[in-house]
Amino acid sequence: GQQLNQSPQSMFIQEGEDVSMNCTSSSIFNTWLWYKQDPGEGPVLLIALYKAGELTSNGRLTAQFGITRKDSFLNISASIPSDVGIYFCAGFSGGSNYKLTFGKGTLLTVNP
Amino acid sequence: EPEVTQTPSHQVTQMGQEVILRCVPISNHLYFYWYRQILGQKVEFLVSFYNNEISEKSEIFDDQFSVERPDGSNFTLKIRSTKLEDSAMYFCASSPPGQGVNEQYFGPGTRLTVT
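Protein chains in written order, with the working numbering: chain A, 1 to 112; chain B, 1 to 115.
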């Protein structure tokens, strides 16, 4: 099946710092989504990207759909303690419009 | 803001028993999904459902699993004879028709523990 390589696995930063994480795939993805998951809860959709090269912001979050359609990154600027959680990239590939493939997640810890 | 809801939040069952996990998708959404997440691992697709039929399923979704939309609001996942390895968080998701169809919104999950 499709595999998404997400990095880094974990990050430990100081409040106020910027953060960047990314996802890569060996195959082309048609849509990239970024989710945040808090412990014991469901993933919450942050940003959806539909076109190669697209750059989209949601508050302090910015995500880009890579030109090759095989990668995406998420930036968080001026991090705050409530940014703590696991961030997942996810996407659709291979003609499927239903099956979301998830990365393994990036665990973000923000030190106040 | 409309949300996907799921019940129960936690289900404990004995191996071999049947369980039904329930979901109420967002009301104007037409596409419904089940995913699972084994503790500490990534979220895995199980099945998608549209127009009262399965549109896609993964290799995990074998004959022990079934889905149903028994009425206009509920969407259920049944596991016929649970195994220890079925222990996981099960998430329901839904997406709207039209341009936003790729945006899947997840519920809070049901933690299934098989003993």
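C-beta atoms are modelled at their ideal positions from N, C-alpha and C, and glycine is treated no differently.
* Asked: Counting only beta-carbon atoms, is Gly-107 (chain B) nearer than 8 Å to chain A?
  -> yes
* Arg-36 (chain B), buried or exposed, once every other Cβ within 10 Å from all chains shown has been counted against 16 -> buried
* **Cβ contact (3+ pairs, closer than 8 Å) linking the region 103-111 of chain A and the region 40-49 of chain A** => no
* To do: Indicate, with yes or no, if the ligand SAM has a heavy atom lying under 7 Å from the CB of Thr-56 (chain A).
  => In the structure on display, the ligand SAM does not appear, and there are no ligands present to speak of.
* Asked: CB Lys-78 (chain B) to CB Glu-18 (chain B), shorter than 8 Å?
  -> yes
* Asked: Within this structure, are the beta carbons of Thr-82 (chain B) and Thr-13 (chain B) separated by less than 8 Å?
  -> In this structure, Thr-13 (chain B) lies closer than 8 Å to Thr-82 (chain B) by Cβ.
* Asked: By Cβ distance, which residues of its chain are closer than 6 Å to Asp-18 (chain A), with the 5 residues on each side in sequence left out?
  -> Counting only residues of its own chain and dropping the five nearest sequence neighbours on each side, Asp-18 (chain A) has a CB closer than 6 Å to the CB of Ser-77.
* To do: From the DSSP output, read off the bridge partner residues of His-10 (chain B).
  => B:Arg-111
* **Segments of 4+ residues assigned as alpha helix (DSSP H) that fall wholly inside the region 31-55 of chain B** => none
* To do: Spatial neighbours of Gly-10 (chain B) within its chain, please: CB distance less than 6 Å, with the 5 preceding and 5 following residues excluded, ordered by chain position.
  => Looking at the sequence provided, one finds His at residue 10 (chain B) rather than Gly. So the qualifying residues of the chain are Arg-111.
* To do: Taking only beta-carbon positions, decide if Phe-65 (chain A) is within less than 8 Å of chain B.
  => no
* Asked: Using the C-alpha atoms, what's the distance from Phe-45 (chain B) back to Trp-34 (chain A)?
  -> Between Trp-34 (chain A) and Phe-45 (chain B), the alpha-carbon positions lie close to 16 Å from each other.
* Cα-Cα, which of A:Gln-6, A:Gly-103, A:Gly-91 and A:Ile-86 is closest to Phe-29 (chain A)? -> Looking only at A:Gln-6, A:Gly-103, A:Gly-91 and A:Ile-86, the smallest Cα-Cα distance to Phe-29 (chain A) is reached by A:Gly-91.
* Asked: Taking the C-alpha atoms as reference points, what is the distance between Val-4 (chain B) and Phe-106 (chain B)?
  -> 6 Å
* Asked: Of all the residues that make up the region 64-91 of chain B, which are near chain A by a beta-carbon distance shorter than 9 Å?
  -> Met-89 and Phe-91
* Using a beta-carbon distance below 8 Å, is Glu-41 (chain A) in contact with chain B? -> yes
* To do: Taking C-beta pairs closer than 8 Å, name the residues in chain B that Lys-104 (chain A) reaches, listed in chain order.
  => Contact of Lys-104 (chain A) with chain B by beta-carbon distance below 8 Å involves Gln-41 and Lys-42.
* To do: With a 10 Å radius around its C-beta and 16 neighbouring C-beta atoms as the bar for buried, classify Arg-69 (chain A) as buried or exposed.
  => buried
* To do: Verify the CB distance criterion: does Phe-12 (chain A) have a CB-CB separation below 8 Å to chain B?
  => no
* To do: Pair every Cβ in the region 2-14 of chain A with every Cβ in the region 54-69 of chain B, then say whether three or more of these pairs are closer than 8 Å.
  => Fewer than three beta-carbon pairs drawn from the region 2-14 of chain A and the region 54-69 of chain B are found closer than 8 Å, and the two stretches are therefore not classed as touching.
* To do: Could you round the C-beta distance between Phe-61 (chain B) and Ser-55 (chain B) to whole angstroms and report it? I think they count as a contact, below 8 Å.
  => Between Ser-55 (chain B) and Phe-61 (chain B) the Cβ distance is about 12 Å, and since that is not below 8 Å, they are no contact.
* Cα-Cα separation, Ala-63 (chain A) to Gly-16 (chain B) -> About 44 Å.
* Asked: In whole angstroms, what separates the C-alpha of Asp-63 (chain B) from that of Arg-80 (chain B)?
  -> 8 Å
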